[in-house]
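Start counting the sequence shown at 1; every next residue gets the next number (the UniProt record's numbering).
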Amino acid sequence: MSQRPHSEFTAAQRAILLQTAAHSIDHGLEMGRPLSIEAAAFEAELQLLRACFVTLLLRGDLRGCIGHLEAHLPIVEDVAENAYAAAFRDPRFPPLTATERASLEIHISVLTPAEPIRFDSEEDLIAKIRPFVDGLILVDGHHRGTFLPSVWESLPDSRIFLSHLKQKAGLPVNHWSSTLEVFRYETESFGDAPS
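Set out below in structure tokens:
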């Protein structure tokens, strides 16, 4: 069994990742591009290939969320890239302004590798979903969507969580097919208050 995600990074390592995200956003405001990170300058745990999402909140409301479902960069580089993208490239929001920066909360969710959930019906799938633990990736053909485990806070029922995830993937809430695939992952999540 793999190590539980809540214990992977020390408090000091979490602080470094949050500082990296903040510096990348500040660099974006000043220079118009993400902070360039040299992963080799950081300790080994921060050089591991890990996928993450960076979520930005402004006075408690979503202000941006960008990330990767699969690891392709050292975690410290992925954090810098995704923090910049959440602030300036999330298509749901205009680019972050310097005025908003002072009230911004930064949250990082580091993902465990996704694993398939085996199921033979929608009821079976719903029974196997672990509320408040699982992040889910739903895939059917070219339709794809994900919800981080933090979404359980606003959608605490497994059936409703799944139906909203179908909608996010561009499918009807009652969609079901033999080609539907669902994967689960967990996250180690941490954040900071506005600076």
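Glycine is no exception: its CB is placed at the ideal position from the N, C-alpha and C atoms.
Small disclaimer: the values here were computed from a predicted structure and weren't measured.
Cβ separation of residue i and residue j, assumed to be a contact under 8 Å, to the nearest whole Å
i	j	result
Asp26	Glu105	Going by Cβ atoms, the distance from Asp26 to Glu105 rounds to 15 Å, so no, they are not a contact pair.
Ala80	Ser24	4 Å
Glu186	Pro149	7 Å
Ile137	Phe183	4 Å
Leu58	Ser103	6 Å
Asn82	Phe119	Wrong, their Cβ atoms sit about 30 Å apart, outside the cutoff.
Gln13	Leu46	6 Å
His142	Leu171	Not quite, the Cβ-Cβ distance comes to about 11 Å (not below 8 Å), so this is no contact.
Gly145	Lys168	4 Å
Arg63	Phe42	That belief does not hold up - the Cβ atoms of Arg63 and Phe42 are roughly 27 Å apart, past 8 Å.
Residues that DSSP places opposite residue i in a beta bridge
i	result
Phe190	Ile108
Gly64	Leu56
Val182	Leu138
Leu18	According to DSSP, Leu18 bridges with nothing at all.
Leu69	DSSP output for Leu69 lists no bridge partner at all.
Leu49	Pro74
Spatial neighbours of residue i in its chain, beta-carbon cut-off 6 Å, leaving aside the 5 residues before and after
i	result
Pro95	Phe88
His68	Ala51
Beta-carbon contacts of residue i that lie in its chain and below 8 Å, excluding the five residues immediately before and after
i	result
Leu155	Phe147, Phe161, His164
Glu115	Phe183, Arg184, Tyr185
Glu77	Ile37, Ala39
With 16 other Cβ atoms within 10 Å as the buried cut-off, status of residue i
i	result
Thr55	buried
Trp176	exposed
Glu123	exposed
Thr20	buried
Pro131	exposed
Pro91	exposed
Arg159	exposed
Asp134	buried
Pro113	exposed
Ser2	Here the model assigns Ser2 a pLDDT of 37, short of 50, so the residue's position is not dependable, and the following value carries that caveat. Its Cβ having fewer than 16 others within 10 Å, Ser2 is exposed.
Leu18	buried
Distance cut-off 7 Å: residue i Cβ against heavy atoms of the ligand MN
i	result
Leu62	This structure does not include the ligand MN; it has no bound ligands of any sort.
Short CB-CB distance (under 8 Å) between residue i and chain B
i	result
Thr112	This model lacks chain B altogether; it includes just one protein chain.
Nonlocal neighbours in the same chain, by C-beta distance under 7 Å from residue i, ignoring five residues either side
i	result
Gly28	Pro34, Tyr84, Ala87, Phe88
Ala98	Leu29
Val139	Glu181
- Query: What are the uninterrupted segments assigned as beta strand (DSSP E) that are 3 or more residues long and contained completely in the region 83-167, given in chain order?
  - Reply: 104-111, 135-140, 143-147
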